[in-house]
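Below is one structure, written out as structure tokens, with a few remarks after it.
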Amino acid sequence: MTFEDLPPGWDALPLTDHDLAGDVLDLFVSARDREVGCVFFLLCDERARLRQPLAVRLDPSDRERQGDQGDEAEVLVTRLDGLLGSEAAGAASLIMAVARPGYSAINDVDRRWHEAVIDLTRRRSVPLLGTYVVTHQDVVRLPDPLPPARTA
Numbered sequence: 013m014t015f016e017d018l019p020p021g022w023d024a025l026p027l028t029d030h031d032l033a034g035d036v037l038d039l040f041v042s043a044r045d046r047e048v049g050c051v052f053f054l055l056c057d058e059r060a061r062l063r064q065p066l067a068v069r070l071d072p073s074d075r076e077r078q079g080d081q082g083d084e085a086e087v088l089v090t091r092l093d094g095l096l097g098s099e100a101a102g103a104a105s106l107i108m109a110v111a112r113p114g115y116s117a118i119n120d121v122d123r124r125w126h127e128a129v130i131d132l133t134r135r136r137s138v139p140l141l142g143t144y145v146v147t148h149q150d151v152v153r154l155p156d157p158l159p160p161a162r163t164a
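Note that the sequence shown covers residues 13 to 164 in the working numbering.
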């Protein structure tokens, strides 16, 4: 996947196509974001069309206080929770990407990010269109979440 594969008028297309979403992430996630690491969100409208890209990083003092990447995921997703609660965001659906250096093989930290955003989107009833890992080499999509367990 690469942003060079984007079709004309891509910005009016729904990001439900996984290849298109990966290409859009490749366009928006900079080389610096991939090098230093960040979490990237594509806030989408009710038709899954891109409304607003959003890159989020913790500052160094947050990293020192949190201790590990799993805690960092919780902090950033909590911040996003506040944003999704605001009318200004207007996100009816979203895509999350973990941008980081290294190989694109999915690791435990990527899984923690994925779990955190699944929990958030379920709490907010906002469809999660996909979670991706973006590196210098590739854009990889994580599996769709299982449906929530039914309660008796």
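For each residue, glycine too, the CB sits at the ideal point set by N, CA and C.
Which class does residue 107 belong to by DSSP, given the choice of helix, strand or coil? If you number the sequence shown from 1, residue 107 lands on position 95. It is a strand residue.
Opening and closing residue of the alpha helix (DSSP H) in which residue 46 lies: What you label residue 46 is simply residue 34 of the sequence shown in a count that begins at 1. Element bounds for residue 46: 43-48.
Whose CA, out of 29, 53, 156 and 129, lies closest to the CA of residue 68? To locate residue 68, count along the sequence shown from 1; it is residue 56. The residue with the shortest Cα to Cα distance from residue 68 is 53.
Buried versus exposed call for residue 167 [16 or more other C-beta atoms within 10 Å across all chains shown]: Absent from the model: residue 167. The displayed extent of the chain is 13 to 164, so no value can be given.
Out of curiosity, what's the CA-to-CA distance linking residue 161 and residue 43? Taking the sequence shown and counting its residues from 1, the one referred to as residue 161 is at position 149. Taking the sequence shown and counting its residues from 1, the one referred to as residue 43 is at position 31. Taken atom to atom, the span from the alpha-carbon of residue 161 to that of residue 43 is near 39 Å.
Give the DSSP bridge partners of residue 64, in chain order. As a first step, residue 64 must be located in the sequence shown, where it is residue number 52. Looking at the DSSP assignment, residue 64 forms a beta bridge with 55.
Spatial neighbours of residue 118 in its chain, beta-carbon cut-off 8 Å, leaving aside the 5 residues before and after: Mapped onto the sequence shown, residue 118 falls at position 106. Apart from sequence neighbours up to five positions away, the residues of its chain that approach residue 118 with a beta-carbon distance below 8 Å are 145, 152 and 154, ordered along the chain.
Who are the near neighbours of residue 60 in its chain, counting only those whose CB is closer than 7 Å to its CB and skipping five residues on each side? Here residue 60 corresponds to residue number 48 of the sequence shown, with the count starting at 1. Excluding five sequence positions before and after residue 60, the CB atoms of its chain that fall closer than 7 Å to its own CB belong to 26, 27, 28, 105 and 141, given in chain order.
Proximity winner among 132, 34 and 110, relative to residue 103 (alpha-carbon distances): Numbered from its first residue, the sequence shown carries residue 103 at position 91. Taking only the C-alpha atoms, the option nearest residue 103 is 132.
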